[in-house]
Amino acid sequence: MKIAVISDTHRKFSLAKEAIDLLIEQGAEYLIHAGDICEYDTLEYIKNTNIPYVAVYGNNDAHMVQYHNDFNLHKEPYYFKIEDVKFKLMHLPFYMTPDSDVVIFGHTHIFQVEQQNQTLFLNPGEVCAREKPLSECVLLEITDTKFVVQYFAKDIKTNIIQEKLYEFKR
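In our numbering, the protein residues as written are 3 to 172.
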């Protein structure tokens with residue numbers, strides 16, 4: 003299975019749309035947003051992709067609570083399963099215990115991937131390009147034997163997309 007993972011889109015709908023479109027072109031079957039969505043348009047676009055998605059509130063999303071019933075939007079930490087894989091999703095990296103197969107978080111605006119024991123910890127970086135001139139996103143592929151993390155970073159000045167691949171045993 004292939005999962006689009008994004009975070010920290012903030013008020014950059016055009017960058018969010020580009021990241022989502024890129025990940026769907028790469029074969030994403032699901033989409034996960036790790037918070038700081040900040041815009042209704044981003045949530046609506048995600049919903050209208052017609053692929054299953056889940057999102058959590060970030061520390062800048064208090065105003066988004068009014069849309070709770072319209073979208074698959076949750077408080078953190080949020081536990082869920084896709085097929086046989088257990089996920090823990092949060093924005094703030096406060097619940098970093100290895101109690102799931104995959105722990106996804108945002109907030110720091112820094113891409114991070116590591117495995118502790120059998121748990122994959124993943125921060126997809128920032129879509130909004132606020133801290134650096136890169137709009138970042140991740141395609142997470144999960145097979146029976148491994149996690150494959152494909153990291154994309156688009157330079158917003160040159161439009162050049164860099165890719166890096168990381169593999170971990172499952």
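Just so you know, even glycine gets a beta-carbon here, dropped at the ideal spot from N, CA and C. As the structure is a prediction and not an experimental result, all values here were calculated from the model.
So the candidates are the options; which of them puts its Cα closest to the Cα of residue i?
i	options	result
Leu-167	Cys-40, Asn-161 and Phe-149	Phe-149
Glu-27	Ile-158, Ile-53, Cys-40 and Asp-38	Ile-53
Lys-88	Tyr-80, Ser-102 and Glu-143	Ser-102
Asp-63	Tyr-55, His-35 and Asn-50	His-35
Asn-74	Ala-21, Tyr-97 and Tyr-32	Tyr-32
Asp-157	Cys-130, His-65, Gly-29 and Ile-8	Cys-130
Asp-146	Lys-159, Arg-172 and Asn-71	Arg-172
Val-56	Thr-99, Pro-100, His-65 and Ser-9	Ser-9
Leu-24	Thr-51, Tyr-42 and His-65	Thr-51
His-65	Asn-71, Cys-40 and Asp-72	Cys-40
Helix, strand or coil: which one does DSSP assign to residue i?
i	result
Ala-64	helix
Leu-94	coil
Ala-21	helix
Asn-125	strand
His-76	strand
Asp-38	coil
His-27	Rather than His, the amino acid found at residue 27 in this sequence is Glu. Reduced to three states, the DSSP call for Glu-27 is helix.
Ile-48	helix
Phe-107	coil
Which residues in the same chain have their Cβ closer than 6 Å to the Cβ of residue i, if we skip the five residues on either side of it in sequence?
i	result
Phe-123	Val-105 and Glu-116
Leu-94	His-109
Gln-164	Ala-155
Pro-79	Lys-90, Met-92 and Tyr-97
Glu-143	Lys-4 and Val-150
What do you get for residue i, buried or exposed, if any count of 16 or more other CB atoms within 10 angstroms of its CB means buried?
i	result
Val-67	exposed
Thr-44	buried
Pro-135	exposed
Tyr-81	exposed
Ile-162	exposed
With DSSP as the reference, please indicate the residues paired to residue i in a beta bridge.
i	result
Ala-6	Leu-33 and Leu-141
Tyr-168	Val-151
Asp-157	Leu-136
Ala-57	His-35 and Leu-75
Lys-83	Lys-88
Gln-118	Thr-121
Below 7 Å CB to CB, which residues in the same chain sit around residue i once its five sequence neighbours on both sides are set aside?
i	result
Phe-170	Gln-117, Leu-122, Lys-148 and Phe-149
Glu-85	Met-3
Arg-132	His-12 and His-111
Phe-113	Asn-125, Pro-126, Gly-127, Glu-138 and Tyr-153
Leaving out five residues on either side along the sequence, give the residues of the same chain with a beta carbon under 8 Å from the beta carbon of residue i.
i	result
Asn-61	Gly-37, Asp-38, His-93, Leu-94 and His-109
Lys-77	Val-58 and Tyr-59
Tyr-47	Phe-15, Ala-18, Lys-19 and Ile-22
Gly-29	Lys-4 and Leu-141
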